[in-house]
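Under UniProt numbering, the first residue of the sequence shown carries the number 1, and numbering increases by one thereafter.
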Amino acid sequence: TAVAASRSSSARLMATESWGGALSTETSAAVAAVQRAVQLSQDLAVEGISGATVGEATRAADFAMIGMTSGLLHEQFRNVRFSGQKGAAGLRDDPKICALALKLSGEYSQGARQASLDLNLDMPRNLMDEGQRNSGLVSREAFLAAVDRGLEPSRGQGERCWVLDAKAGKDYYIGLALLDANGDALVGVVGAPPDNEAPPIVASVRGHVQKWWNAAGDAPVECSLPAPCWAGTETPPWFSSLFSAEIKS
Numbered sequence: 001t002a003v004a005a006s007r008s009s010s011a012r013l014m015a016t017e018s019w020g021g022a023l024s025t026e027t028s029a030a031v032a033a034v035q036r037a038v039q040l041s042q043d044l045a046v047e048g049i050s051g052a053t054v055g056e057a058t059r060a061a062d063f064a065m066i067g068m069t070s071g072l073l074h075e076q077f078r079n080v081r082f083s084g085q086k087g088a089a090g091l092r093d094d095p096k097i098c099a100l101a102l103k104l105s106g107e108y109s110q111g112a113r114q115a116s117l118d119l120n121l122d123m124p125r126n127l128m129d130e131g132q133r134n135s136g137l138v139s140r141e142a143f144l145a146a147v148d149r150g151l152e153p154s155r156g157q158g159e160r161c162w163v164l165d166a167k168a169g170k171d172y173y174i175g176l177a178l179l180d181a182n183g184d185a186l187v188g189v190v191g192a193p194p195d196n197e198a199p200p201i202v203a204s205v206r207g208h209v210q211k212w213w214n215a216a217g218d219a220p221v222e223c224s225l226p227a228p229c230w231a232g233t234e235t236p237p238w239f240s241s242l243f244s245a246e247i248k249s
């Protein structure tokens, strides 16, 4: 029911709020976006795309991750700039890649988008539907605009900025950070192929210890991260090794 969904969403926010502090909303959104990109990348590495070469599938997935991440974050944080490192010119010149990228973005963004909309259950249904159409995840032109948003220059207003660095393929990686007006990192989320059954996603928030996530799920997964022998006492834990972790359960 609507009441149950609202309570569930509130519980998820309360569970992460103490960890992320004032940045808990941004952190939850970043983790959800990276989870969707990791799911896309994992499925692509195993299944590929019917009717597309490996190169076409990888290129389409690269653009899909940019458009999907841009659209989802813009839906929640309109005043935060987004940098995706490439625009949509290549998509406009290649209808096949554009169609594949739009399809992937629409498919893999559904869960994250719905989670965002669950928090607005008192919003009139027509406004929720309009928000879905304008999120950059369904319409071709809105999707292209979401990708192009990644080339927006600084607004000169001291705004924060999301920065995405992502690559699809067998050795995929997804890095998403929220920077303050000085370019310093506030939130960082990294997704990569898991190793030794460790979680594929690690997130850090300024002033808080890092936490790990699976490719799906609202709650972090507890795990230890033993430092390699070459790591010094001042070596950041995320630099030591992302995936030599031991899950506690």
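Backbone N, C-alpha and C define an ideal beta-carbon position, used for all residues, glycine too.
In the three-state reduction of the DSSP assignment, D43 falls in the helix class. Selection D180, Q35, S204 evaluated against G158 yields D180 as nearest (Cα-Cα). Here DSSP, grouped into helix, strand and coil, assigns Y172 to coil. In this structure, DSSP gives V34 a helical state, which the three-state scheme calls helix.
In the structure shown, K96 falls within a helical segment according to DSSP collapsed to helix, strand and coil. Membership of I66 in the alpha helix (DSSP H) is indicated by the continuous run 54-76.
Restricting attention to D171, H208, G175, the CA atom closest to the CA of P194 is found in D171. DSSP places V147 in the uninterrupted alpha helix (DSSP H) bounded by 140-148. By the neighbour-count criterion, in which a residue is buried when 16 or more other Cβ atoms sit within 10 angstroms of its Cβ, S105 is buried.
Rounded to the nearest whole angstrom, the C-alpha separation of A145 and G20 is 30 Å.
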